[in-house]
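Student:
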Amino acid sequence: MSLFMYRQTNGIAELTTRIFNVHKDATLEEHPHRVRDQIMLATPIMNGKDMVAVMMTVKKIGAPHFTAQDEELCVLLTMKKYVNFANLVLRGFHLSYLHNCETRRGQVLFWSASKVFYEFTDIERQFHKALYTIQLLLDGSGQTHMHCCYNNPPADQWALVSGLPTYVAENGLICNIMNAAEDKLFDFQKEPLDESGWTIKNVLSLPIVNKEKIVGVATFYIRKNGKPFDDMDETLMESLTQFLGWSVLNTDTYDKMNKLENRKDIFQDMVMYHVKCRKDVIQNILNTREVYDKEPDECDEDELDDILVKHKKIHTIFEFHFCDFKFSELDLVKCGIKMYYELSVVDKFHIPRDVSDNDHLHNWRHGFNVGQTMFTLLMTGDLKRYYTDLETMAMVTAGLCHDIDHRGTDNPYQMKSGNPLAKLHGSSILERHHLEFGKALLRDEALNIYQNLNGRQHETVIYLMDIAIIATDLALYFKKRTMFQKIVDQSKTYESLDSWTKYMMYETTRKEIVMAMMMTACDLSAIAKPWEIQSGVVRRCRILGQGDLERTVLEQQPIPMMDRNKADELPKLQCGFIDFVCSFVYKEFSLLHSEITPMLERTGRSGTL
C-alpha cells in the first residue's frame, strides 16, 4: 500500500508526503517539493470504525514541534467543527460512487447476459462476446483476454508467457498488479507490444469458476484513466466471472442435449430398422403382386378386401371369444387391416395401404387381442354409436399400441429397480413409455397411418391415444370406476337409446371416461373368453418371472401373486382379482349395452371354476 498526502499553498495543490511502501517502520521520504516540512500532525476522521479521511496540520508557528495539547486540540476541533461536515460530504461522495459502481455492475451483468444466452455453440466465443461488450464499463483499454492454460504456450502468446493466467488457474486467486513492468513474480513484456506503442502497465486477472472448478481465466489490462484497478473493479469483475462460470452450464447443457438428440436419432433408426416390415414381408401378408400385379398402395379397397376375406376365420374378429391361437402373426396383421376397413376409415382418412401393413409390432399378440376387443366392443357391442369414425380409429390404434416394448415387469418394479423409465416418467411409467414409443413409430412416414389427416384431426387422434393408453394403468381405473357407474346409471334415465346416444355424442368428458373403461375391459379381455383361451394366455404370462427377479436381483420378497413359492395360492388370488376388478367393468358394460353381456357371463364362469 502507498500513501500520498497533498496540501494547498496559495490555492495551488502540491505533494507533501509520499510513502511507496507503508509498514509499521515506514519513514517519510525526502520532500519532493521546494517547500520542506519539518513537523506534521495527522488526525484521522472516522466514520464508525472506518477511517474516511485524514486531517493534516503542518508547520506550527512559533514552536519547534507539536505538543500533546496540540494533539488534543486538533482532535477536538476535528470532532466538533469538521467531522460532521466532512462526514456529510464524504458519505454523499461515497454513496454516489457506490451507486455508480452498482449501476455499472448491473449493466455488465445485463449486457453480458444478452451475449451469453445468445451464443450456445462455442464457449470461447461466448466468453469473448460477453467480455468485449463490457470493456467500456470497466474503463478498460480494449485489451481483454480469455485464456485457457497450456504447459508450453507459444512465444507470441505474451499473456500466457507471463505465467499469470497459469498462476491464477492453479491457485484460484484474484491478481491485481498495479505496476506490471516492475513485478518480479510474473515476466511481463516491458517493450511495446505493437506498433501503436501499447505497453502493459496494470493488470487484473480473475479465475472463471463453475461448480468449484476453474474453467478459464479472464485478464484485463490498463484502465483508460491510467489508474490501477481498484476494489470496485475487482468486485465488478468477480461478479462477471461468476456469471460467466454459471453460463458454462448453458453451453455444456446445449452440447449434451445435442449429443443426446443425436443418440436418440441413431437409436430410433435402429428400432425402426427392426420394427418396420420389409416389402417382401408385406407381400406375404397381402399378395397383391401375384394376384393383381400391383403394389398394395395401387390397389383399391375392394381388391384388398378380396384378399383379406380369403382367410377362413377372419370373420371371427367380430366375436368376443376371438382366439388368436389359430392365427399366425402375419394372419393377425391381415385381421388388423380388416378391422380398419370394417371401421370405414382407410379410404375416408386416406390411410396408405403399405403403411397399414407395416404395423407389425413387438408384443403383437396381446396388442392385437386388445385392439380386436376394442373393435368388437365398438362394432358388436354397439358402442360405436357414441363415437365418430376418427375417434374409433384412434381407439383401435391405441389398443394395438398400448403395450409396445413392454419390459415384462410392472410399474412398481421399474421404481424399485431404479429403471431410467421411472426417472423419466413420474407416474403410469410403462403406460407412458408405450405411448411415447407408439407416437415415435407414428412419426415415421413409413408407419404413420395418420399422415394424411389435417392438423385438427391429427391433434384429436393423438389426444385420444394419450387418454386411452394411459387408462390401461389399473391405478387410474379404480379412480374412474365411480364416475363410470354414474354414467351407466344415468343412461337408464333416458326413454330411448337414440335420445341417450344424442346426449352422449356431445358429452366429451363422459365419452373419454367410457373409452378409458373400454381400454381396461380390453386389456383384461382374456378373462372373458372360453377356458381353453384363458388357460393358454395364463401359460404365456410371466408374472412369476418378475417375482424371481425381485427375489434374486432386488433381494425383496415378491407379492403372493408373483411368488413362485406360493403358486398353490394363485387360483384363490386370481378369483379375488376377477371378482374385484374384472366383474365390475363387464357388469357395468352389460348394463350399458346388453350386447356385451357374453363377456360378463364368461367372466362369471371363470370366477367359479
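If you're matching positions, the sequence shown starts at 994 in our numbering and goes up one per residue.
Beta carbons are placed, not taken as given, at the ideal position from N, Cα and C, and that holds for glycine.
These numbers were taken from a predicted model, which means no experiment stands behind them.
1) Does PHE1213 come out as helix, strand or coil in the three-state DSSP assignment?
2) Count the other CB atoms, across all protein chains shown, that sit within 10 Å of the CB of ASP1352; report buried if there are 16 or more and exposed otherwise.
3) If distances are taken between C-alpha atoms only, which option among LYS1416, LYS1377 and MET1367 comes closest to LEU1393?
4) Report the three-state DSSP secondary structure of LEU1336 (helix, strand or coil).
5) In whole angstroms, what is the alpha-carbon distance linking LEU1517 and ASN1243?
6) Three-state secondary structure (DSSP) at VAL1546?
7) Could you give the first and the last residue of the continuous alpha helix (DSSP H) run that contains PRO1551?
8) Just how far apart, CA to CA, sit ILE1589 and GLU1548?
9) May I ask you to report which of helix, strand or coil DSSP gives LEU1197?
10) Do the CB positions of ILE1344 and LEU1301 come within less than 8 angstroms of each other?
11) Opposite ILE1170 in the DSSP bridges: which residues?
12) Starting from HIS1427, trace the alpha helix (DSSP H) in both directions and tell me its first and last residue.
13) First and last residue of the alpha helix (DSSP H) that includes GLU1384?
14) Looking at the unbroken alpha helix (DSSP H) that takes in ASP1459, where does it start and where does it end?
15) Which whole-angstrom value describes the C-beta separation of HIS1427 and ILE1397, a residue pair presumed to lie in contact below a C-beta threshold of 8 angstroms?
16) How many angstroms separate the CA atom of LEU1166 from the CA atom of LYS1177?
17) Among residues of its own chain, excluding the 5 on either side of ILE1506, which ones have a beta-carbon nearer than 8 angstroms to its beta-carbon?
18) Could you name the residues of the same chain whose beta carbon sits closer than 6 angstroms to that of SER1421, not counting the 5 residues immediately before and after it, in chain order?
19) Got a sec? Which residues, its chain only, sit under 7 angstroms from GLY1540 by beta carbon, not counting five neighbours each side?
20) Residues in its own chain within less than 8 angstroms of TYR1579 by CB, not counting five upstream and five downstream?
21) Figure out for me which residue from GLU1205, THR1192 and LEU1414 has the closest Cα to the Cα of PHE1213.
22) Just the Cα atoms here: how many angstroms apart are GLN1150 and HIS1058?
23) If contacts are defined as beta-carbon pairs under 8 angstroms, then PHE1318 and MET1386 qualify, I think. What distance do you get, rounded to the angstrom?
24) Work out the CA separation of LEU1370 and ALA1468 for me, nearest whole Å.
25) Indicate the three-state DSSP secondary structure (helix, strand or coil) for LYS1206 in the structure shown.
26) Are the CB atoms of MET1250 and LEU1376 within a distance shorter than 8 angstroms?
27) Note down the Cα distance separating ARG1358 from ARG1400, rounded to an integer number of angstroms.
28) CB ASN1203 to CB ALA1173, shorter than 8 angstroms?
29) Can you tell me which of LEU1446, PRO1405 and VAL1338 puts its alpha carbon nearest to the alpha carbon of GLU1543?
30) For GLN1365, which three-state DSSP category applies?
31) Taking the straight line between their C-alpha atoms, what separation do you get for THR1486 and SER1492?
32) Is the distance from the Cβ of HIS1395 to the Cβ of VAL1363 below 8 angstroms?
33) Less than 8 angstroms between the C-beta atoms of PHE1311 and THR1390, yes or no?
34) Grab me the residues of GLU1231's own chain with a C-beta within less than 8 angstroms of its C-beta, minus the 5 sequence neighbours each way, in chain order.
35) Whole angstroms is fine: what's the gap from CYS1292's alpha carbon to TYR1285's?
Tutor: Put simply:
1) strand
2) Any reading at ASP1352 needs caution, since the residue's pLDDT is 43, under 50, leaving its predicted position unreliable; the model's value is listed next. Buried, by the Cβ-count rule.
3) MET1367
4) coil
5) 48 angstroms
6) coil
7) That residue, PRO1551, is in no alpha helix (DSSP H); it is neither H nor E in DSSP.
8) 44 angstroms
9) Under the three-state reduction of DSSP output, LEU1197 falls in the strand class.
10) no
11) VAL1196
12) 1422–1435
13) 1382–1394
14) 1448–1463 is the extent of the alpha helix (DSSP H) around ASP1459.
15) Contact between HIS1427 and ILE1397 is confirmed by a C-beta separation of about 5 angstroms, below the 8 angstroms threshold.
16) Distance between the alpha carbons of LEU1166 and LYS1177: 17 angstroms.
17) LYS1473, MET1476, PHE1477 and ILE1480
18) ILE1463 and ASP1466
19) Cβ within range, chain order: PRO1551, MET1555, ASP1556 and ARG1557.
20) ALA1514, ALA1521, ILE1589, MET1592, LEU1593 and THR1596
21) Residue THR1192 is the option with its Cα nearest to PHE1213.
22) Summary for GLN1150: the model assigns pLDDT 47, below 50, so the residue's position carries little reliability; its value from the coordinates is reported in the next sentence. Near 57 angstroms, if we compare the C-alpha coordinates of HIS1058 and GLN1150.
23) Separation of the CB atoms of PHE1318 and MET1386 is rounded to 27 angstroms, and the pair is thereby denied contact status at 8 angstroms.
24) Their Cα atoms are separated by approximately 23 angstroms.
25) strand
26) no
27) 15 angstroms
28) no
29) PRO1405
30) helix
31) 10 angstroms
32) yes
33) no
34) ILE1167 and LEU1199
35) 8 angstroms
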